[in-house]
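Enquirer: Residue numbers (the numbering used here): 3 to 449.
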Ligand SMILES: [Ca+2]
Ligand SMILES: [Ca+2]
């Protein structure tokens, strides 16, 4: 009995100068299912790399964000810095840098398990930021929150900032993918993809191909997000959907809601939609700014959306990628109520989010609501933070440490006009205040 009890409790293993283990992979090798591994930021972990199949490990950076630098190192299985073959894994607050292998597919994280949660991580100058394919097609949920993907790609067009295979679902939330090296900023073949209050901007120096590539279509939601194509893009389309027949998903429904799409190339195609996609794309409260064609799909439906034909959207500073609205913008209050799927939060740079309040009782077009200061309405109105719990950021306006709304303040199953449909679909999850102040909780079926 005592043995059974002891074995059922997760242990915390410590890594670093004052920890038990010198390197993360030594702790990973020693860990049992369910254990937490805390990695001190101040250690030197260059070249540390391993594969594991131990279930439900959490690897977490503490006292800052530690760096796993794979530059010049031989990486596990010639695949990546972390090669995860466990059913479920959680990776928090780590930098993955410089992964490269002989076949040019080296990844910061190579995922071959089922469920993966990544929070507060950075992937820079790897051949792939994350490269994943589930152990069994059609299973597994990947959730990426508050993470940055910068200048990954081997430059061959086959490696990307982020490339996920045939998972059941992928959630990319309050995250930033930028400066692609020829590959895509986001590529997924999942049955369901949700890109929520995120920023996918190629930016100065980027040469990404597609900013979003969903080659096998699927149930796709781009909500409250910013997508920008730079003049040096390798392909003048921004969002590519359903262009590969092989492996095509059964659902062919693309929804773009309250997003800001900007083309800085001299020509372009905002939505490149495969000819076999019989369901009209739904584009609601979305800005499509810059030259080029809106969509290759004639049947696409635009509801209170805005293109150059409608005039200047009047961003505060579009050339510097500030797509908030000027006071005189005609996009203010010009949207329609997107219902259950309207974004309840806004992207906050870099790689964060805060609540989106409906200002002047009318939706604005695009990813940003004019006048929103990110503080939940309840706080703005009353100054009373008592019912919001700890971690409110009302003092600093929420920009540094995004407040995590209590369940009645944001997007949750019981909230007002929340993201009910996504919640019901098991994609969005209840936002509640966790110990670490995370704005979202992961979906980890069976965990
Ligand atoms: Ca492009
Ligand atoms: Ca408004």
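Glycine included, C-beta positions come from ideal geometry on N, C-alpha and C.
Quick check on the contact list: which residues have their beta carbon closer than 5 Å to a heavy atom of ligand 1?
Expert: Residues with a Cβ closer than 5 Å to any heavy atom of ligand 1, in chain order: 231, 235, 237.
Enquirer: Using 8 Å as the threshold, is the C-beta distance between residue 111 and residue 98 below it?
Expert: Locating residue 111 in the chain shown gives position 109, counting from the first residue. Locating residue 98 in the chain shown gives position 96, counting from the first residue. Yes, the pair counts as a contact, with Cβ atoms nearer than the cut-off.
Enquirer: Take residue 176 as the anchor and find which of 199, 154, 135 has the nearest alpha-carbon.
Expert: One-based indexing of the chain shown puts residue 176 at position 174. Checked all of 199, 154, 135; the closest Cα to residue 176 is 199.
Enquirer: Kindly identify the DSSP beta-bridge partner or partners of residue 230.
Expert: Position 228 of the chain shown, counted from the start, is the residue given in the question as residue 230. Answer is 203, 264, bridged to residue 230.
Enquirer: Helix, strand or coil: which one does DSSP assign to residue 279?
Expert: Reading the chain shown from its first residue, position 277 is the one you call residue 279. The answer is coil: DSSP assigns residue 279 none of H, G, I, E or B.
Enquirer: Excluding the 5 residues flanking residue 12 on each side, which residues of the same chain have their C-beta closer than 7 Å to its C-beta?
Expert: Translated into the one-based positions of the chain shown, residue 12 becomes position 10. Cβ neighbours of residue 12 beyond the five flanking positions: 36, 37, 38.
Enquirer: Check whether the Cβ atoms of residue 294 and residue 270 sit closer than 8 Å, and answer yes or no.
Expert: Against the chain shown, residue 294 aligns to sequence position 292. Against the chain shown, residue 270 aligns to sequence position 268. Yes.
Enquirer: Let's test the definition: count the other Cβ atoms within 10 Å of the Cβ of residue 170 and tell me whether it reaches 16, buried, or not, exposed.
Expert: Position 168 of the chain shown, counted from the start, is the residue given in the question as residue 170. It counts as buried.
Enquirer: Between which two residues does the alpha helix (DSSP H) holding residue 28 run?
Expert: Here residue 28 refers to the residue found at position 26 when the chain shown is read from its first residue. First-last of the alpha helix (DSSP H) with residue 28: 26 to 32.
Enquirer: Beta carbon of residue 174, beta carbon of residue 264: below 8 Å?
Expert: Against the chain shown, residue 174 aligns to sequence position 172. Against the chain shown, residue 264 aligns to sequence position 262. No; because the gap between Cβ atoms is not below 8 Å, this pair is not in contact.
Enquirer: Of the choices 213, 299, 226, 290, whose alpha-carbon is the least far from that of residue 254?
Expert: Reading the chain shown from its first residue, position 252 is the one you call residue 254. Nearest of 213, 299, 226, 290 to residue 254, Cα basis: 299.
Enquirer: Can you round the beta-carbon distance between residue 243 and residue 216 to whole angstroms, since I take them to be within the 8 Å contact cut?
Expert: For the purposes of this step, residue 243 is taken as residue 241 along the chain shown, with counting starting at 1. For the purposes of this step, residue 216 is taken as residue 214 along the chain shown, with counting starting at 1. Contact holds; Cβ gap of about 5 Å.
Enquirer: With distances taken from CA atoms, which of 231, 34, 68, 49 is nearest residue 214?
Expert: The count along the chain shown starts at 1 and reaches residue 214 at position 212. Closest by alpha carbon: 231.
Enquirer: Is the region 153 to 166 in contact with the region 217 to 229, if contact means three or more CB pairs nearer than 8 Å?
Expert: The region 153 to 166 is not in contact with the region 217 to 229.
Enquirer: Whole angstroms are fine: how far does the CA of residue 31 sit from the CA of residue 109?
Expert: Translated into the one-based positions of the chain shown, residue 109 becomes position 107. Translated into the one-based positions of the chain shown, residue 31 becomes position 29. The straight-line gap from Cα to Cα measures roughly 20 Å.
Enquirer: Are residue 260 and residue 82 close, meaning C-beta to C-beta below 8 Å?
Expert: As a first step, residue 260 must be located in the chain shown, where it is residue number 258. As a first step, residue 82 must be located in the chain shown, where it is residue number 80. Taking 8 Å as the Cβ cut-off, residue 260 and residue 82 do not qualify as a contacting pair.
Enquirer: Where residue 139 and residue 372 are concerned, what is the direct C-alpha to C-alpha distance, given to the nearest angstrom?
Expert: Counting from one through the chain shown, the residue named residue 139 turns up at place 137. Counting from one through the chain shown, the residue named residue 372 turns up at place 370. So the alpha carbons of these two residues sit roughly 42 Å apart.
Enquirer: Could you tell me which residues DSSP puts in a beta bridge with residue 351?
Expert: The residue you call residue 351 lines up with position 349 of the chain shown. Per DSSP, none; premise fails for residue 351.
Enquirer: DSSP three-state call for residue 341: helix, strand or coil?
Expert: On the chain shown, residue 341 is found 339 positions in, with the first residue counted as 1. Three-state result, residue 341: helix.
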